[in-house]
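**Student:**
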Amino acid sequence: MEITEVRIKLMDDPGDRLQGFCSITFNGCFVIRDLKIIQGGKGPFVAMPSRKLTDRCPECGTKNHLRAKFCNECGAELEEDRAIKDDEGRAKLYADIAHPINSGCRDLIQRRVLEAFEKEKVLAKQPGYICAYDDYGEDRIARLKRRPDQSRPSGTTYRIDDAHHEHRRNEASRNDVNRPHHLSQPETDPQLNHRDRDAFGEGVQQDGH
Ligand SMILES: [Zn+2]
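In short: position in the sequence shown from 1, add 634, done, that's our numbering.
(1) Would you mind sorting residue 775 into buried or exposed? The rule is 16 or more other CB atoms within 10 Å of its CB.
(2) In the structure shown, what three-state DSSP assignment does residue 729 receive?
(3) Going by DSSP in three states, residue 700 sits in which element: helix, strand or coil?
(4) Compare the beta carbon distance of residue 751 and residue 672 with 7 Å and say whether it is the shorter of the two.
(5) Give a yes or no on contact between the stretch 637-644 and the stretch 743-760, applying the rule of three or more CB pairs nearer than 8 Å.
(6) Please report the straight-line C-alpha distance between residue 818 and residue 692, rounded to a whole angstrom.
(7) Can you give the Cα-Cα distance for residue 767 and residue 694, rounded to whole angstroms?
(8) Around the Cβ of residue 714, are there at least 16 other Cβ atoms within 10 angstroms (buried) or fewer (exposed)?
(9) Just reading off the alpha helix (DSSP H) that residue 745 is part of, what are its end residues?
(10) Label residue 772 either buried or exposed according to how many other C-beta atoms from any shown protein chain fall within 10 Å of its C-beta, with 16 as the threshold for buried.
(11) From the DSSP output, in three-state form, read off residue 667 for me.
(12) Any chance the stretch 730-742 sits against the stretch 673-691, with 3 or more Cβ pairs inside 8 Å?
(13) Should the stretch 655-668 be regarded as contacting the stretch 699-718, the criterion being three or more beta carbon pairs within less than 8 Å?
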């Protein structure tokens, strides 16, 4: 197995604990996105892509993140301390969705990502720098249908590290090079048409709800 590409997205604030996001490509054919580069006590390290763990609302059965104070669907107020704790009493709130299963592979990924991260920091200082990481425009600020009602809970699941990169994304999309990881040649498998791919994506997203 070979890592054939690493794409880095640096955070705007170099003092932030979250230093960047990245994607890695294996053998030129399989991409894993949303790895994080985090500043730890002994220097930066790589965190695997993860999702928030959920449980079900007792009223309507909808899955909500374990830190959600209200059900996202019916608004029921939920007990706050719902996560399973590990032996040291830390709440388990996230699960890796892709990860190495031995230290050799972990070291390989970490080394390649941190090398690319250091290079990206140098590149980012040059004029005309454009980030190659495709973030699907998720940093866009949503349009309001109406002003928030004071009696309703406000953004309970919003995380700080979701909010940092509006500036760079705008820059990249203006230049239209924030290109997705698509194949350069046309899709050859007729089974894999757009509808199938959309359906697959939906299935994956449902898991996170
Ligand atoms: Zn509910």
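All residues carry an ideal CB built from backbone N, CA and C; glycine is no exception.
**Tutor:** Put simply:
(1) Around the beta carbon of residue 775, fewer than 16 other beta carbons sit within 10 angstroms, so the residue counts as exposed.
(2) In the three-state DSSP reduction, residue 729 falls in the strand class (E or B).
(3) Note: residue 700 maps to coil in three-state DSSP.
(4) Contact flag unset, no.
(5) Touching, yes, given that three or more Cβ pairs across the two stretches are closer than 8 Å.
(6) Since pLDDT at residue 818 reaches only 48, below the 50 mark, its modelled position is unreliable, and the value read off the structure follows with that caveat. So the alpha carbons of these two residues sit roughly 47 Å apart.
(7) Linking residue 767 to residue 694 through their CA atoms gives a straight-line distance of about 38 Å.
(8) Residue 714 comes out exposed.
(9) Note, residue 745: alpha helix (DSSP H), 737-757.
(10) It counts as exposed.
(11) Three-state DSSP puts residue 667 in a strand.
(12) With the rule of 3 Cβ pairs closer than 8 Å, the stretch 730-742 counts as touching the stretch 673-691.
(13) Not touching, per the Cβ criterion.
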